[in-house]
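Peer 1:
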Amino acid sequence: MFYLCGLCAVLLSACQEEENPLPALGGAGDPYDGPQHVITLRQETEDFHFAEFVCRISTEEGTTITRKGEHLRLDGTSILTLETGLKAGVYRLLSLEAPVVSAAADTVWTEYGLGCRVEVSEVDTTKVLDSYSRAMRLSGSGTAEDPFIVSSSDHLKRIRNVANDQVKNHLLTPVTHFLQVADIDMDKASWDSDHEFGWLAIGNLPNNPFRGIYDGDGHTIGNLWAKREHSAGIALFGYTEKAVLKQIRMENPRMEGNFAVGAIVGGAVSAGDTRDKTALFGCTTAGGSIRAGEGSVGVGGIIGEVDTYGMVVLDSCVNMSTAVSGAYGIGGLLGAAALYSQSYLQQCENHAAVTSDYTGAGGLVGSVDSLFVLGCRNSGAVTGARAYNASDAANGGFGTGGIAGGTGVSYLYSCINEGKIDGHTGVGGIIGSTRVGSDELLFNNTLVKSCRNSGAVDGESAVGGICGEAQFGCYAAYNTGDVTAHAGSAYVGGIVGNSSIAVVHNALNGGKVTGSSAESAGGIVGKTTWGALFATQNFGDLAVNARYAGGIIGLAGNYTMVNYCCNAGFVQNSGDGPTGGLVGEIGDPREWSAMNIASCVLGSAECVLGVLGPVIAVTGKALSKTSSAVGKAFKKLVHVLHITETAADWLLITTDTLILIEGVAEMLTEEEAELLRASLDTKVEETDTAVRTEMESARRGFSLASGWLADGLSSGIAPSYLGNLSTVLNFYEASDDNNDIINYNINHKREERYEEIEEIKHVKEIVQKVIAGTCICVAATASIISGFVTGGTTTAIALTAIGSVATVIGGTNAIVEGATDYQNNAVILSQCVNLGKVTADNSDRVGGIAGHLQQYCLVKDCLNAGPYAGSSDKNGGIIGRGDSRFGMERCLSVGTGWDEPMAHSDGDFTDYQDLYFYERAYPDKGSNGSPRSLTANEIKQPGSYHNWDVNGTNSVWQVEERDGYFAIPYHSEMEEAVEEEE
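In this note's numbering, the protein residues as written are 66 to 1047.
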């Protein structure tokens, strides 16, 4: 049916051309009418053999005019006699259109490209101003100053003839320049290539790629079509190598293939293991569709696929409305990129629908390896894994995201998604999944900064407002879209669904989180094996049936720090598991399920530091046993890692280093590179500022409803607390030194907690080993950034093709060892606040801060002001259940409806210190002993809180002596510098 429709369309086009050939200006009113009627050409028309023509001409002002005429070829010279003459001036001859009568007596028009400039004199004959290349059959010499001219579809055919010829392909070098000077319609050229299959690409084989610099100069290439559903390299340029494509505007492309399918580029290839680059600047596509059928891989609105070791850069590229669909690795701009590749996108946008049958669907990027994205936006609907059935083990359903579906190591900075995201497993508003393979829960690192999602995110499992599943780090991540998970045993979170390590700083969720039968659900993080959360807030409601549910985290494992976080959303769990205003359950019970012991992996990286060669496998205890030269170099690399999860120094993704230094600048003129820098700086700064401003506006706009707090307490406490939060964030962002202080203290205090629990040296070694292996840090990233190689998520791009052993930095053995053998939990919840209502009718462990704390966990300096409205009587204002040896220090409970002001139940050898509650919230509790009740007058007095750090210059608590006010967190305890021990 598609073919018949296309056939009818082309026949109709031919009939229209016969009835109404190209218009010819002339006579009165033609501003270019003049006395010169003769143009003489030599080599430019040596293959033109028609007697009649219509010549398309571009004037100096950019106006396109036409002239009818007759042609005579004598002794190597063509004499073009125009019916209507030209006045004096310089003109560019674009093409000659000649009528041809077919065997069926129909007249069709054939196009012959020219491109040369001529100088017209009123008295003398015309003079050709441009050189001509007989080898390329194009005007120009191919230099930057004198590029080959492309002014017609015939010229694109001529470039194809050279590129696809194994003998002539060498004529295309990385510095061969082409300049398009007119809009080009490719409908008939596609038909001429093959009446049934359409356009045969320029560089149709990986061994014969297009090389060079093609500048479209903002002109359009319209109506390109190909129906080659079993073929690869389907695009205007099938395969490119060391190519730069600028300002190409595709209109109504209709491309269909099986692998490496795009509007402009099918596949970007790289010779051997060199990191050859293909770059696209300012390219767009609108209308039409890019699609592929069953089993297809690598389909993108702009470019389909990037080869092993290849590098692609897209800057200021936009898919305005070209729908993209296929099986695996489907992206609005870039489809898929193979192992060891690098993909850079900056200032790019997608506004079209993107659909995949299986793994890897993204608004900009489908499924790639190392990825760097700056200042990009998606508003198109993204549907991933639409044909996936969980019982079908042969196909994957992972990775659907607003910006990227599946990635290896990835950085996303100043990105926005506004489109609806719908997938199966690993579904996120910004990034879907960084899963390595499909059988084991191994994840690569993704780092997200200053990104916002406002689109609804819907999936089966591992669903998050920003990220579905990953080893995840973020700063200034903001979600307002509703997040929904449907599967049983799902992980769902307002920011990230499932994370082996979650480092979440300054994140805010305002979207509703829903899970009908979830394993764990959180307003920020669904599940994390371990990590650090700092200065993060949830304002969205949580309405779930979950085994674990919390306003910030559903389930968190050992070695987790949570500081200065706040929940203000309604936490409603109809499940029977632990439920908390901030955390459902935290700490290791020593019997986690296999699904919850998600091994922590950075991915794979080539060893640099002066040693080139094979990639090393480093897994668990293998780190201490590597003895080869490469192994020693790798240990040196690990040694320079600064031990901190947030070691992602966000300065690495600023615009003046990472992207341009990696080879973009060399593809441009100095002027173009400078304009790119300035434009990118502006774009990233605008988005960064907008996201932070919106987050701050959301905080300032929050208020507690009248009657929310107990009688005698003022709702004005909320803006006071959120104002303090802004002060903490201002400290964090004021300097790199302050950033280091915060991150150092998070780790230092956690290590101190370990030492307090038990000084077992091998435990610390395992932890340090895992951190060293799993965290990307400034020094390491600066050293190995150009060599990052990771296993992406596209199963069809064949993880089995890695060849050598895939590198796993970090320690599967170590993290599994830790998750199963640890008896002691270095977990600290500090300076956290719950302002939201909590309801859990079926749970026996419900708390205003945490539902269930495992052994040795510590809660300190926390405040619960949210009410409890459930029917279960097994609840506590701070925690529901604390196991043996857990601690609770300097906490205040003022929320109403809780049965116990602090803990409902606890284990042996618990440690309670300096705890207080508001007497009107707990009228049946006594006023003496511990915890101690405070009256309305006492609760506003700083002196009432014995042994608390209150109202000092850098105190952790603040008490305003005003009616209805009470203690709230002030400065973060992470602000004070701590001297590191020798």
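From the three backbone atoms N, C-alpha and C, an ideal C-beta is built for every residue, glycine too.
Just so you know, these numbers come straight off a predicted model, no measurement behind them.
1) Under the rule that 16 or more other beta-carbon atoms within 10 Å means buried, what is asparagine 288, buried or exposed?
2) Can you tell me which residues form a DSSP beta bridge with tryptophan 1022?
3) Go to isoleucine 496, then tell me how far its beta strand (DSSP E) extends in each direction, as first and last residue.
4) Going by beta carbon distance, what residues of the same chain come within less than 6 angstroms of tyrosine 887, once the five residues before and after it are set aside?
5) Name the two residues that bound the continuous alpha helix (DSSP H) containing tryptophan 256.
6) Are three or more beta carbon pairs between the stretch 184-193 and the stretch 218-232 nearer than 8 angstroms?
7) Distance check for glycine 470 and alanine 863, CA to CA, integer angstroms please.
8) So, for glutamine 245: in the same chain, excluding its five sequence neighbours on each side, which residues have a beta-carbon less than 6 angstroms away from its beta-carbon?
9) With a 10 Å radius around its C-beta and 16 neighbouring C-beta atoms as the bar for buried, classify phenylalanine 796 as buried or exposed.
10) Return the CA-CA distance between lysine 700 and valine 636, expressed in angstroms with no decimal places.
11) Curious, which full-length alpha helix (DSSP H) runs of at least 4 residues does the stretch 150-231 contain?
12) Can you give the Cα-Cα distance for valine 389 and histidine 570, rounded to whole angstroms?
13) Quick one: what does DSSP say glutamine 896 is sitting in, helix, strand or coil?
14) Using 8 angstroms as the cut-off, can you tell me whether the stretch 293-309 makes contact with the stretch 333-348, which would need three or more C-beta pairs spanning the two stretches below that distance?
15) Residues in its own chain within less than 6 angstroms of alanine 597 by CB, not counting five upstream and five downstream?
16) Counting Cβ pairs, one atom from each stretch, are 3 or more of them under 8 angstroms apart for the stretch 195-213 and the stretch 254-274?
17) Are at least three pairs of beta-carbons, each pair with one atom in the stretch 905-920 and one in the stretch 941-952, less than 8 angstroms apart?
18) Can you give me the C-alpha to C-alpha distance between histidine 1036 and glutamate 798, rounded to a whole angstrom?
19) Exposed or buried, which one is arginine 765 when buried takes at least 16 other CB atoms within 10 Å?
20) Can we say the stretch 127-147 touches the stretch 108-115, given the rule of at least three CB pairs closer than 8 angstroms?
21) Quick one: what's methionine 626 bridged to in DSSP?
22) Could you pull out every unbroken beta strand (DSSP E) segment of at least 3 residues lying fully inside the stretch 265-344, listed in chain order?
23) Compute the beta-carbon to beta-carbon distance between isoleucine 589 and asparagine 610, rounded to the nearest angstrom, for a pair I have assumed lies under 8 angstroms.
24) Is the separation between the beta-carbon of valine 330 and that of isoleucine 367 shorter than 8 angstroms?
25) With H, G and I counted as helix, E and B as strand and the rest as coil, what does DSSP make of glycine 766?
26) Following the continuous alpha helix (DSSP H) through glycine 793, name the residue where it begins and the one where it ends.
27) With DSSP run on the structure shown, which of helix, strand or coil describes lysine 233?
28) Can you round the beta-carbon distance between glycine 431 and glycine 394 to whole angstroms, since I take them to be within the 8 angstroms contact cut?
29) Please check the pair valine 183 and leucine 158, which I expect to be a contact at CB under 8 angstroms, by giving their CB distance rounded to whole angstroms.
30) DSSP has histidine 917 in a bridge; who is on the other side?
31) Please report the straight-line C-alpha distance between valine 371 and asparagine 234, rounded to a whole angstrom.
32) If you follow the beta strand (DSSP E) that methionine 376 is part of, which residue opens it and which one closes it?
33) Can you give the Cα-Cα distance for threonine 129 and aspartate 95, rounded to whole angstroms?
34) In terms of DSSP beta bridges, what is phenylalanine 537 paired with?
35) What are the boundary residues of the beta strand (DSSP E) that glycine 493 is part of?
36) Ends of the beta strand (DSSP E) at threonine 128?
Peer 2: Judging by the given coordinates:
1) Residue numbering aside, residue 288 sits at position 223 when the sequence shown is read from its first letter. Buried: at least 16 other Cβ atoms inside 10 Å.
2) The count along the sequence shown starts at 1 and reaches residue 1022 at position 957. The partner list for tryptophan 1022 (beta bridge, DSSP) reads Val1015, Pro1034.
3) Translated into positions along the sequence shown, residue 496 becomes position 431. Its beta strand (DSSP E) spans residues 496-498.
4) For the purposes of this step, residue 887 is taken as the residue at position 822 of the sequence shown. At tyrosine 887 the pLDDT is 41, less than 50, meaning the model places this residue with poor confidence; the figure from the coordinates comes in the next sentence. So the qualifying residues of the chain are Asn623, Asp653.
5) As a working mapping, residue 256 is identified with position 191 in the sequence shown. Element bounds for tryptophan 256: 252-258.
6) A contact is defined here as three or more CB-CB pairs under 8 angstroms, and the stretch 184-193 fails this definition with respect to the stretch 218-232.
7) Within the sequence shown, numbered from 1, the residue matching residue 863 stands at position 798. Within the sequence shown, numbered from 1, the residue matching residue 470 stands at position 405. Only weak support exists for where alanine 863 lies, its pLDDT of 27 falling under 50; the value from the coordinates is given anyway. Computed Cα separation, rounded: 17 angstroms.
8) As a working mapping, residue 245 is identified with position 180 in the sequence shown. Excluding sequence neighbours, glutamine 245 sits near Val215, Gly281, Asp282, His284.
9) Taking the sequence shown and counting its residues from 1, one reaches residue 796 at position 731. It counts as buried.
10) Locating residue 700 in the sequence shown gives position 635, where the first residue counts as 1. Locating residue 636 in the sequence shown gives position 571, where the first residue counts as 1. Unreliable positioning characterises lysine 700 in this predicted model, as indicated by a pLDDT of 28, which lies under 50. A coordinate reading is not provided.
11) Within the stretch 150-231, the alpha helix (DSSP H) runs of at least 4 residues that lie entirely inside it are, in chain order, 218-228.
12) Your numbering for residue 389 matches position 324 in the sequence shown. Your numbering for residue 570 matches position 505 in the sequence shown. Spanning the alpha carbons of valine 389 and histidine 570 requires a straight line of approximately 35 angstroms.
13) The count along the sequence shown starts at 1 and reaches residue 896 at position 831. Three-state DSSP puts glutamine 896 in coil, outside helix and strand.
14) Three or more Cβ pairs closer than 8 angstroms define a contact, and the stretch 293-309 meets that threshold against the stretch 333-348.
15) For the purposes of this step, residue 597 is taken as the residue at position 532 of the sequence shown. Exclusion of the five residues before and after alanine 597 leaves Val568, Met626, Glu710, Ile811 as the residues of its chain whose Cβ lies within less than 6 angstroms of its Cβ.
16) No: fewer than three Cβ pairs fall under 8 angstroms.
17) Between the stretch 905-920 and the stretch 941-952 there are three or more inter-stretch CB-CB distances shorter than 8 angstroms, so the stretches are counted as touching.
18) Against the sequence shown, residue 1036 aligns to sequence position 971. Against the sequence shown, residue 798 aligns to sequence position 733. Each residue's Cα considered, the two are about 14 angstroms apart.
19) Translated into positions along the sequence shown, residue 765 becomes position 700. It is exposed - the Cβ of arginine 765 has fewer than 16 other Cβ atoms within 10 Å.
20) The stretch 127-147 and the stretch 108-115 touch, with no fewer than 3 CB-CB distances between them shorter than 8 angstroms.
21) For this step, residue 626 is matched to residue 561 along the sequence shown. The partner list for methionine 626 (beta bridge, DSSP) reads Ala597, Ile893.
22) Residue ranges of uninterrupted beta strand (DSSP E) with 3 or more members, entirely inside the stretch 265-344 and ordered along the chain, are 275-280, 285-287, 290-292, 297-299, 302-311, 314-316, 319-326, 330-333.
23) Taking the sequence shown and counting its residues from 1, the one referred to as residue 589 is at position 524. Taking the sequence shown and counting its residues from 1, the one referred to as residue 610 is at position 545. 19 angstroms between Cβ atoms; not a contact.
24) The residue labelled residue 330 in the question sits at position 265 within the sequence shown. The residue labelled residue 367 in the question sits at position 302 within the sequence shown. With contacts defined as CB atoms closer than 8 angstroms, valine 330 and isoleucine 367 qualify as a contacting pair.
25) Start at 1 with the first residue of the sequence shown, and residue 766 comes out as number 701. Three-state result, glycine 766: helix.
26) Within the sequence shown, numbered from 1, the residue matching residue 793 stands at position 728. It is valine, not glycine, that sits at residue 793 in the sequence shown. 782-799 is the extent of the alpha helix (DSSP H) around valine 793.
27) Taking the first residue of the sequence shown as 1, we reach residue 233 at position 168. In this structure, lysine 233 counts as coil in the three-state DSSP scheme.
28) Locating residue 431 in the sequence shown gives position 366, where the first residue counts as 1. Locating residue 394 in the sequence shown gives position 329, where the first residue counts as 1. Between glycine 394 and glycine 431 the Cβ distance is about 4 angstroms, and since that is below 8 angstroms, they are a contact.
29) Locating residue 183 in the sequence shown gives position 118, where the first residue counts as 1. Locating residue 158 in the sequence shown gives position 93, where the first residue counts as 1. Taking a contact as a CB-CB distance under 8 angstroms, the pair valine 183 and leucine 158 counts as one, their CB atoms being some 6 angstroms apart.
30) Position 852 of the sequence shown, counting from 1, holds the residue named residue 917. Beta-bridge annotation (DSSP): histidine 917 is paired with Glu650, Arg946.
31) Within the sequence shown, numbered from 1, the residue matching residue 371 stands at position 306. Within the sequence shown, numbered from 1, the residue matching residue 234 stands at position 169. Near 21 angstroms, if we compare the C-alpha coordinates of asparagine 234 and valine 371.
32) As a position in the sequence shown, residue 376 is number 311, starting the count at 1. Looking at the DSSP string, the run of the beta strand (DSSP E) that includes methionine 376 is 376-380.
33) Sequence index remark: in the sequence shown, residue 129 carries index 64 (1-based). Sequence index remark: in the sequence shown, residue 95 carries index 30 (1-based). Going by the C-alpha atoms only, they are around 12 angstroms apart.
34) Start at 1 with the first residue of the sequence shown, and residue 537 comes out as number 472. BP columns for phenylalanine 537 point to Thr511, Ala567.
35) Position 428 of the sequence shown, counting from 1, holds the residue named residue 493. Run containing glycine 493: 490-493, per the beta strand (DSSP E) assignment.
36) Position 63 of the sequence shown, counted from the start, is the residue given in the question as residue 128. Run containing threonine 128: none; DSSP gives neither H nor E here.
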